[in-house]
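According to numbering that gives the first Met the number 0, numbering within the sequence shown proceeds without interruption in unit steps and concludes at 277. Everything below concerns the one structure shown next.
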Amino acid sequence: MATIEVERTAVGAGMMRALESHARRPLVDDRLSERFLTGWVAVVVRHRLLRWLFLSLLERAGPGFYGAVVCRTRAIDDACREALAPGVEQVVILGAGMDTRPYRLAELRTLKVWEVDLPRGQAAKKAAVLRVTGELPAHVRYAPADLARDKPGDVLAAAGIDPAARTLVLCEAVSLYMPAAAVAELLRYAGSLPPGSRFILTYLSRAVADDPRYATWKRRLRWVTSYEPAGIARELAACGLRVLADLGAEEHQDRIVRPAGRRLAVFAGERIVVAEKL
0 MATIEVERTA
10 VGAGMMRALE
20 SHARRPLVDD
30 RLSERFLTGW
40 VAVVVRHRLL
50 RWLFLSLLER
60 AGPGFYGAVV
70 CRTRAIDDAC
80 REALAPGVEQ
90 VVILGAGMDT
100 RPYRLAELRT
110 LKVWEVDLPR
120 GQAAKKAAVL
130 RVTGELPAHV
140 RYAPADLARD
150 KPGDVLAAAG
160 IDPAARTLVL
170 CEAVSLYMPA
180 AAVAELLRYA
190 GSLPPGSRFI
200 LTYLSRAVAD
210 DPRYATWKRR
220 LRWVTSYEPA
230 GIARELAACG
240 LRVLADLGAE
250 EHQDRIVRPA
260 GRRLAVFAGE
270 RIVVAEKL
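Quick look at the structure:
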């Protein structure tokens, strides 16, 4: 994965979560993301007129991209809370970026959390956490790695994870930028976990990736790997994982957007699959 592109994606997602926290009826309350931001991105988020202008331009350039990130965040928050109920003992975030869940979700603050990310991106994340909170929290471990090359099982074993503990693994907005072989390695790692462990993975829809209307976006955003829902379910099953849910734009509209009384376009490119180790 290209380091600079990954960092931009992480900051961009954090910016959108911060922008949503200023909405009249926010679907996500992630005010911590705003505090992690610096530079012009922080300036835009903190000024009402600039927020309106930025979101207007963003919706013109990429219709539904903002809604997709916001709904993805909310849906994964909900899936994390549900996953922790059956007795998960530890959490792994693959490609953590500027994810604030270990710091803002009360359910995660009581567990050991391992964040895996590219060294440069992780250094920026740790600097942001230190700037905002004054210290690195004791419940979070940081494991630098390149998931396009390094095996997550090896990285986490070296970082001291308990292989016998029921685990929640979260992999958000990562697989679409990685070679298929590297994604398969992530699935195998999830399949190596104890029964009852959960795996939350976002993936690029094959239908969108192959649609000529999105060819420019595919090239510009450097999408690499995509799946059909049936295809990802087969790959997960081969690793001993059973799909509990597979969520896309329609489900986000039905479960998140409309119940909140919002009108928000949601790009259909990225889906969320929640699986359990049998």
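For glycine and all other residues, C-beta sits at the position ideal for the given N, C-alpha and C.
Quiz prompt | When M14, L192, A267 are compared against V40, the one with the closest alpha-carbon | solution = M14
Practice problem: Specify, as a first and last residue, the run of the beta strand (DSSP E) that A142 falls within. | Solution: 139 to 143
Practice problem: Measure the C-alpha to C-alpha separation of R148 and L48 and round it to an integer number of angstroms. | Solution: 43 Å
Exercise. Within the same chain, show all residues whose beta-carbon is closer than 8 Å to that of Y213, passing over the 5 residues directly before and after it, in chain order.
Key: V207, G268
Quiz item: For S204, which option in W222, S196, R219, E227 has the closest C-alpha, if you only look at C-alpha atoms?
Solution: E227
Quiz prompt | Euclidean distance between Cα positions of V139 and P211 | solution = Straight-line spacing of the CA atoms in V139 and P211 works out to 42 Å.
Quiz item: In the structure shown, what three-state DSSP assignment does C79 receive?
Solution: helix
Self-check item: Best match in I255, T215, I199, P258 for proximity to I231 [C-alpha to C-alpha]
Solution: I199
Self-check item: Residue span of the beta strand (DSSP E) that contains R103, given as start and end
Solution: Premise fails: R103 lies in the alpha helix (DSSP H), 100 to 103, not in any beta strand (DSSP E).
Self-check item: K150 - DSSP class collapsed to helix/strand/coil
Solution: coil
Practice problem: With a threshold of 16 other CB atoms inside 10 Å of the CB of V42, please say whether the residue is buried or exposed. | Solution: Classification of V42: exposed, given that the 10 Å Cβ count is below 16.
Self-check item: Validate contact between the stretch 107 to 123 and the stretch 85 to 93 using beta carbons, cut 8 Å, 3 pairs
Solution: yes
Practice problem: Mark A1 as exposed unless 16 or more other C-beta atoms lie within 10 angstroms of its C-beta, in which case mark it buried. | Solution: Per-residue confidence for A1 stands at a pLDDT of 46, beneath the threshold of 50, marking its modelled position as unreliable; the derived number appears in the next sentence. It counts as exposed.
Practice problem: Taking only the alpha-carbon atoms, compute the straight-line gap between G159 and D209 and give it to the nearest angstrom. | Solution: Approximately 41 Å between the Cα atoms of the pair.
Quiz item: Any contact of the stretch 187 to 201 with the stretch 153 to 169, i.e. 3+ C-beta pairs under 8 Å?
Solution: As far as the Cβ criterion goes, the stretch 187 to 201 touches the stretch 153 to 169, which means the pair count is three or higher.
Practice problem: Please confirm whether R257 and T201 have their CB atoms less than 9 Å apart. | Solution: no
Practice problem: Determine the direct distance from the alpha carbon of A156 to that of D188, and round the result to whole angstroms. | Solution: Per the sequence presented here, residue 188 reads as Tyr, with Asp not at that position. When rounded, the distance between both Cα atoms is 11 Å.
Self-check item: Candidates F266, L277, E171: closest to A60 by CA position
Solution: F266
Practice problem: Starting from the C-beta of G63, find all residues in its chain whose C-beta is less than 6 Å away, skip the five residues before and the five after it, and write them out in chain order. | Solution: A264, V265, F266
Self-check item: C-beta neighbour in chain B for M177, strict 9 Å
Solution: No chain B appears in this structure, which consists of one protein chain only.
Self-check item: For V273 and A244, believed in contact at Cβ under 8 Å, the rounded distance
Solution: 4 Å
Quiz item: What are the residues that DSSP puts in a beta bridge with K111?
Solution: Q89
Quiz item: Would the beta-carbon of R219 fall within 9 Å of that of R24?
Solution: Cβ atoms of R219 and R24: not closer than 9 Å.
Quiz item: G120: which of V10, L57, E106, T37 sits nearest, CA to CA?
Solution: V10
Self-check item: Nonlocal neighbours in the same chain, by C-beta distance under 6 Å from V68, ignoring five residues either side
Solution: Closer than 6 Å at the Cβ level, and outside the excluded window around V68, lie A12, M15.
Quiz item: Would you report the Cα separation of L54 and D161, rounded to the nearest angstrom?
Solution: 43 Å
Quiz item: How big is the Cα-Cα spacing for L57 and G190?
Solution: 38 Å
Exercise. Look up L240 in the DSSP assignment and say whether it is helix, strand or coil.
Key: strand
Practice problem: For Y202, write down the residues that DSSP places opposite it in a beta bridge. | Solution: R270
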